[in-house]
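In mature numbering (1 follows the signal peptide of the UniProt record, and there is no 0), the protein residues as written are -32 to -1, 1 to 140. For each residue, glycine too, the CB sits at the ideal point set by N, CA and C. Structure first, then comments.
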Amino acid sequence: MSRSTLPTAVRTARLLLAAACALCVAAGAQEAQEDALPAPPPARQPENVRVEFAQVLRAEPVYQTLRATSMVERCEASTPVEDPDEAKTGLARVIGAVKGALTPDPKVEEVAPSAGGQCRMVPVEREFRRPIGYDVDYVHRGVKYRSRLPTDPGNRLRVRVSVTPVVSDETP
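Here's what the structure looks like:
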């Protein structure tokens, strides 16, 4: 059959069917293309960066306090030593009082472990201060700032100055 002999309704149906198929193929290709290509990243503004110097006002060290307990063997004589303070007068008594205030237990005399005294393990606490940084106050362009730095910066501190314009969607 020739083309001219087909009824008009059949020809119109074929054309509509071909057009619908073409649209389906085009839509599928467009969807596949959107999935394959990632969205473009937002436009990034160039960053203006420079290094300047700030005047240091104060650098104060910051310490961490550590406590450690260790066990130490203490040996004591079996009988306490007599207090000779009663026989002392004047300057000797003052020196004895100062010495007594500085020693932990003036009535107990420490002896060597082999001398037959009583020995026991006693906990001794020690405190250590470890520097962990510096709290630095400084001025840059008339504005005061404070930062914690790992080292003492000296009289001047290098600062990074960055200027980036704010871009918003609401800007006309």
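Quick check: Val19 and Arg109, are their CB atoms within less than 7 angstroms of each other? Residue mapping note: residue 19 aligns to position 51 of the sequence shown, counting from 1. Residue mapping note: residue 109 aligns to position 141 of the sequence shown, counting from 1. Cβ distance not < 7 angstroms, so Val19 and Arg109 don't count as in contact.
Three-way DSSP call (helix, strand, coil) for Gly101 in this model: The residue given as residue 101 occupies position 133 in the sequence shown. In the structure shown, Gly101 sits in a strand (DSSP, three-state: E or B).
Output needed for Val17: all residues of its chain with C-beta closer than 6 angstroms, excluding positions within five of it in sequence on either side, in chain order. Translated into positions along the sequence shown, residue 17 becomes position 49. Closer than 6 angstroms at the Cβ level, and outside the excluded window around Val17, lie Ser130.
Could you tell me which residues DSSP puts in a beta bridge with Lys112? Locating residue 112 in the sequence shown gives position 144, where the first residue counts as 1. According to DSSP, Lys112 bridges with Val107.
Cβ neighbours of Arg94 in the same chain (closer than 6 angstroms, five flanking residues each side left out): Position 126 of the sequence shown holds residue 94. Cβ neighbours of Arg94 beyond the five flanking positions: Ala36.
Alpha-carbon spacing of Leu(-18) relative to Cys(-9), whole angstroms: Position 15 of the sequence shown, counting from 1, holds the residue named residue -18. Position 24 of the sequence shown, counting from 1, holds the residue named residue -9. One C-alpha to the other measures close to 14 angstroms.
Tell me whether Tyr113 is buried or exposed, calling it buried when 16 or more other Cβ atoms sit within 10 Å of its Cβ. Taking the first residue of the sequence shown as position 1, residue 113 is located at position 145. Answer is exposed; the Cβ neighbour count stays below 16.
DSSP state of Val92, grouped into three classes? Here residue 92 corresponds to residue number 124 of the sequence shown, with the count starting at 1. If DSSP states are grouped into helix, strand and coil, Val92 belongs with the strands.
Between the CA atoms of Val92 and Arg42 - distance to the nearest angstrom: As a first step, residue 42 is located in the sequence shown; it is residue number 74 there, counting from the start. As a first step, residue 92 is located in the sequence shown; it is residue number 124 there, counting from the start. Answer to the nearest angstrom: the Cα atoms are 11 angstroms apart.
Could you compute how far the alpha carbon of Ala(-7) sits from the alpha carbon of Asp137? One-based indexing of the sequence shown puts residue -7 at position 26. One-based indexing of the sequence shown puts residue 137 at position 169. For Ala(-7) and Asp137, the distance between alpha carbons rounds to 33 angstroms.
Indicate whether Val30 and Pro121 have their beta-carbon atoms separated by less than 7 angstroms. In the sequence shown, counting from the first residue as 1, residue 30 sits at position 62. In the sequence shown, counting from the first residue as 1, residue 121 sits at position 153. No, the pair does not count as a contact, with Cβ atoms beyond the cut-off.
Roughly how far, in whole angstroms, is the beta-carbon of Val107 from the beta-carbon of Leu117, given that I think they are within contact range, below 8 angstroms? Here residue 107 refers to the residue found at position 139 of the sequence shown. Here residue 117 refers to the residue found at position 149 of the sequence shown. Contact doesn't hold; Cβ gap of about 15 angstroms is too wide.
DSSP-derived helix/strand/coil call for Thr(-25): Stepping through the sequence shown from its first residue, residue -25 is reached at position 8. The answer is helix: DSSP assigns Thr(-25) an H, G or I state.
How many angstroms separate the CA atom of Phe96 from the CA atom of Gln32? Against the sequence shown, residue 96 aligns to sequence position 128. Against the sequence shown, residue 32 aligns to sequence position 64. So the alpha carbons of these two residues sit roughly 8 angstroms apart.
Between the C-alpha atoms of Gln86 and Ser38, what's the straight-line distance to the nearest angstrom? Along the sequence shown, one-based indexing puts residue 86 at 118. Along the sequence shown, one-based indexing puts residue 38 at 70. C-alpha separation (whole angstroms): 20 angstroms.
Given a threshold of 16 other Cβ atoms within 10 Å of its Cβ, counted over all protein chains shown, does Ala(-11) qualify as buried or as exposed? Within the sequence shown, numbered from 1, the residue matching residue -11 stands at position 22. When all chains shown are included, Ala(-11) counts as exposed.
Measure from the alpha carbon of Arg98 to the alpha carbon of each residue in Leu34, Ala(-13), Ala27 and Ala(-15), then state which is nearest. In the sequence shown, residue 98 corresponds to position 130, counting from 1. With distances taken between Cα atoms, Arg98 lies closest to Leu34.
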